[in-house]
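**Student:** Numbering (my numbering), first residue to last: 687 to 912. Where is the CB? At the ideal position from N, CA and C, for every residue including glycine. The structure follows.
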């Protein structure tokens with residue numbers, strides 16, 4: 687894999703070039719971050735590759751424009767954290783890091799730190815909640831798990847590995863609590879039934895009665911958390 691910076695007519699962009707002896711044609715794709723991935727045959731020159739890129743400039747722009755805007759946090763923004771409505775309040779001269787005060791989420795330090803500190807706060811709060819909730823549900827169906835991990839996944843909200851590890855997208859901390867509870871229940875149920883059979887959904891029903899409501903919410907609003 688080669689990463690190059692390509693200067694088009696408007697701006698400089700990062701291009702990921704992948705060469706492989708098995709490739710027969712040039713192919714373009716856009717990853718979740720909007721970066722351009724150019725797959726080329728092994729003996730294709732850089733000049734040929736960039737010419738191909740330029741020929742498909744309109745297609746690239748079209749695909750990048752279809753990508754959802756990346757979620758960032760800023761002063762004054764209203765958001766939900768584990769069902770609690772909070773307003774981000776920047777307090778540059780305080781030394782607190784991040785703290786809650788009534789309906790305010792106070793973030794200290796320079797403004798450049800707001801996004802990272804709010805993200806870290808949501809991750810900590812979400813991890814604490816899941817680490818309390820998951821064992822409660824596991825005891826109800828007499829199963830155990832190896833560990834709990836928070837990830838920044840885009841294709842799934844949670845997963846359960848064959849080794850008994852439960853994985854969750856940290857962004858679920860901004861969803862209503864009944865949605866987070868459903869995803870936890872879903873993955874805990876996989877500890878008993880590693881499939882999506884009728885038996886599996888029966889286990890899910892033992893752990894939550896809001897499956898339908900949660901799935902509807904995720905279908906309608908899940909993209910807002912990305």
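Are the beta-carbon atoms belonging to residue 791 and residue 813 less than 9 Å from one another?
**Tutor:** Result no, Cβ atoms of residue 791 and residue 813 do not sit closer than 9 Å.
**Student:** For residue 729, is the classification buried or exposed, using 16 other Cβ atoms within 10 angstroms of its Cβ as the cut-off for buried?
**Tutor:** Residue 729 should be labelled exposed.
**Student:** From residue 899 to residue 886, what does the alpha carbon distance come to, in whole angstroms?
**Tutor:** C-alpha separation (whole angstroms): 18 Å.
**Student:** For residue 831 versus residue 874, is the C-beta distance shorter than 9 Å?
**Tutor:** For residue 831 and residue 874, yes; Cβs fall inside 9 Å.
**Student:** Going by DSSP in three states, residue 901 sits in which element: helix, strand or coil?
**Tutor:** Helix, per DSSP.
**Student:** Who are the near neighbours of residue 824 in its chain, counting only those whose CB is closer than 7 Å to its CB and skipping five residues on each side?
**Tutor:** Correct list, in chain order: 830, 831, 874 and 877.
**Student:** Would you call the segment 840-852 and the segment 793-804 in contact, with 3 or more CB pairs under 8 Å?
**Tutor:** Short answer: they don't touch.
**Student:** Whole angstroms are fine: how far does the CA of residue 752 sit from the CA of residue 712?
**Tutor:** Each residue's Cα considered, the two are about 22 Å apart.
**Student:** What would DSSP say about residue 776, mapped onto helix, strand or coil?
**Tutor:** It is a strand residue.
**Student:** Quick one: does residue 728 have its CB under 9 Å from some CB of chain D?
**Tutor:** Here chain D cannot be found, since the structure has a single protein chain.
**Student:** Could you give the distance in angstroms between the alpha-carbon of residue 750 and the alpha-carbon of residue 720?
**Tutor:** So the two alpha carbons sit approximately 6 Å from each other.
**Student:** Cβ of residue 910 within 9 Å of Cβ of residue 772?
**Tutor:** Result no, Cβ atoms of residue 910 and residue 772 do not sit closer than 9 Å.
**Student:** Can you find the residues in the same chain that come closer than 7 Å, C-beta to C-beta, to residue 817, ignoring five residues on each side of it along the sequence?
**Tutor:** Around residue 817: 834.
**Student:** Is the separation between the beta-carbon of residue 819 and that of residue 870 shorter than 9 Å?
**Tutor:** Contact: yes.
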